[in-house]
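As numbered in UniProt numbering, residues 1 to 140 make up the sequence shown, in order.
Here's the structure, in structure tokens; my notes come after.
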Amino acid sequence: MDTYESVALYEESVNNVFNEDNFNVIYLLIKGFHNNTKNTEIMYSNLHAIEYFSKSLGLEKHIQIILPLLKTLFPEAKGWAETFFLRLLNNEESFKILLVNLKRINTSDKVIIQMITRNLVNRNPDKFENKGKIILDLLK
1 MDTYESVALY EESVNNVFNE DNFNVIYLLI KGFHNNTKNT EIMYSNLHAI EYFSKSLGLE
61 KHIQIILPLL KTLFPEAKGW AETFFLRLLN NEESFKILLV NLKRINTSDK VIIQMITRNL
121 VNRNPDKFEN KGKIILDLLK
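This is how it looks when you write it as structure tokens:
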């Protein structure tokens, strides 16, 4: 997507998603992330489109869908996996629901969440150390 026209067509398609209540589109949108994108605005459009579904699905169901999908972003979109997770940490309601759901995830998802959490804590300990400790203790 390196032309104005291709970006415009993509954004129009993403906007059409907002008119759908078919949450299965999340599984398609998640495949569009990459760390080396030239068009970060497209990645943020994807992110916002995926987050939009928390309104129709409810936050708990949304988090249950997102958590196992984070591993699909590795390694090509590791930064975007961290962005998704960071946004869950920054909202108190989603953080509480996240903690409940972290107790239910499988081992491979735990490993990814631990890695993401450590990266966020290392990057900004003042902001994420307390919540990071809670998450890492929960996932032991």
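Note that CB positions come from ideal geometry on N, CA and C, so glycine has one too.
Taking all protein chains shown into account, decide if residue i is buried (16 or more other Cβ within 10 angstroms of its Cβ) or exposed.
{"i": "residue 49", "result": "buried"}
{"i": "residue 100", "result": "exposed"}
{"i": "residue 208", "result": "Since the first residue of the chain shown is 1 and the last is 140, residue 208 is not available in this structure."}
{"i": "residue 121", "result": "buried"}
{"i": "residue 3", "result": "exposed"}
{"i": "residue 56", "result": "exposed"}
{"i": "residue 33", "result": "buried"}
{"i": "residue 128", "result": "buried"}
{"i": "residue 53", "result": "buried"}
{"i": "residue 132", "result": "buried"}
{"i": "residue 70", "result": "buried"}
Tell me which residue opens and which closes the alpha helix (DSSP H) that residue i is part of.
{"i": "residue 142", "result": "Not covered by the structure: residue 142. The range shown for the chain is 1 to 140."}
{"i": "residue 78", "result": "78 to 89"}
{"i": "residue 135", "result": "125 to 138"}
{"i": "residue 101", "result": "92 to 102"}
{"i": "residue 55", "result": "40 to 57"}
Can you tell me which of the options puts its alpha carbon nearest to the alpha carbon of residue i?
{"i": "residue 139", "options": "44, 25, 32, 114", "result": "114"}
{"i": "residue 134", "options": "26, 123, 108, 89", "result": "89"}
{"i": "residue 36", "options": "80, 118, 136", "result": "80"}
{"i": "residue 107", "options": "126, 68, 129", "result": "68"}
{"i": "residue 25", "options": "130, 42, 39, 51", "result": "51"}
{"i": "residue 97", "options": "112, 64, 23", "result": "64"}
{"i": "residue 42", "options": "13, 58, 76, 66", "result": "13"}
{"i": "residue 30", "options": "111, 6, 73", "result": "73"}
{"i": "residue 191", "options": "123, 124, 116", "result": "As displayed, the chain neither begins before 1 nor continues past 140, which places residue 191 out of reach and without an answer."}
{"i": "residue 93", "options": "6, 7, 22, 60", "result": "60"}
{"i": "residue 40", "options": "7, 66, 130", "result": "7"}
{"i": "residue 112", "options": "5, 77, 95, 124", "result": "77"}
Does the pairing of the region 37 to 56 with the region 68 to 84 give three or more beta-carbon distances under 8 Å? As far as the Cβ criterion goes, the region 37 to 56 touches the region 68 to 84, which means the pair count is three or higher.
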